[in-house]
Amino acid sequence: MAKGRKRDPKAIKKLKGNPGRRPLNENAPEPESLKSESFPKCPDYLTPDAKLIWARIARDLGSLNMISETDKGLLAVYCQAEALHAYACKQIKKDSRKAGGGYLMLTEKGNLVQSPWVAIMNKQALIAVKVSSEFGFSPSAREKVSVPRKPGGGTGNRLDELRKRREQRRNDRGKPDQRSES
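Position one of the sequence shown corresponds to residue 172 (our numbering), numbered consecutively onward.
If you want it as structure tokens, here you go:
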């Protein structure tokens with residue numbers, strides 16, 4: 172992880188008038204939801220809650236061309252961590268009527284100790300935060316990621332260019348050859 176202060180998001184820098192006068196990252200990704208392109212299939216081993224998180228996040232990452240088959244494991248770790256964090260929070264809330272407000276529990280000897288759900292919640296939050304910075308989920312993390320944009324609005328993804336060319340060739344095969352008519 173990089174040391175030092177986290178970068179301010181581009182929007183905040185603009186609001187402050189870019190006080191550092193450093194060039195802004197114009198290629199920072201800006202998620203556009205519901206533009207699901209092709210992205211890796213959700214792993215079967217994820218819990219149902221984690222699969223819902225996968226569907227939401229993979230759609231955004233796919234629209235930015237920021238996910239590939241190699242990212243599948245890392246994204247699965249994030250989704251499972253977020254799902255476990257939410258589950259632990261629900262368990263703490265459920266136990267909130269007991270002594271300690273859900274964060275503490277009574278032992279057999281009558282002592283108050285930290286609930287195991289608190290440790291699970293905290294550990295999963297740390298995992299989710301670490302992994303989320305790799306994908307640029309927070310505004311400051313997105314400043315570190317660059318998605319080059321073409322003048323026509325594309326992302327400059329070489330794989331997409333090859334797919335478009337292949338599609339164009341397939342479309343051209345169905346049309347009569349222009350050279351043979353002359």
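Glycine is no exception: its CB is placed at the ideal position from the N, C-alpha and C atoms.
Using a Cβ-Cβ distance cut-off of 8 Å, the segment 215 to 231 and the segment 192 to 199 are not in contact, since fewer than three pairs of beta carbons, one from each stretch, lie closer than that value.
With respect to the 7 Å criterion, L297 and Q251 are not classified as neighbours on the basis of their beta carbons. Annotation for M237: no beta strand (DSSP E) segment contains it, and DSSP assigns it neither H nor E. For L275, the secondary structure class from DSSP, reduced to helix, strand or coil, is strand. With a threshold of 16 other beta carbon atoms within 10 Å, A290 falls short and is exposed. For the pair of segments examined, the segment 234 to 248 was found not to touch the segment 270 to 283: the number of CB pairs separated by less than 8 Å stays below three. DSSP places L255 inside the alpha helix (DSSP H), whose first and last residues are K243 to K265. When the Cα atoms are used, T278 and D266 turn out to be separated by approximately 15 Å. Secondary structure at L195: coil, using DSSP grouped into helix, strand and coil.
Note on geometry: alpha-carbon atoms of H256 and I263 lie some 11 Å from one another. Q339 counts as exposed, since fewer than 16 other beta carbons sit within 10 angstroms of its beta carbon. Straight-line measurement puts the Cα of A254 at about 13 Å from the Cα of W288. In the DSSP secondary-structure assignment, L283 is bridged to L277.
Here D231 is buried. Its C-beta has 16 or more other C-beta atoms within 10 Å.
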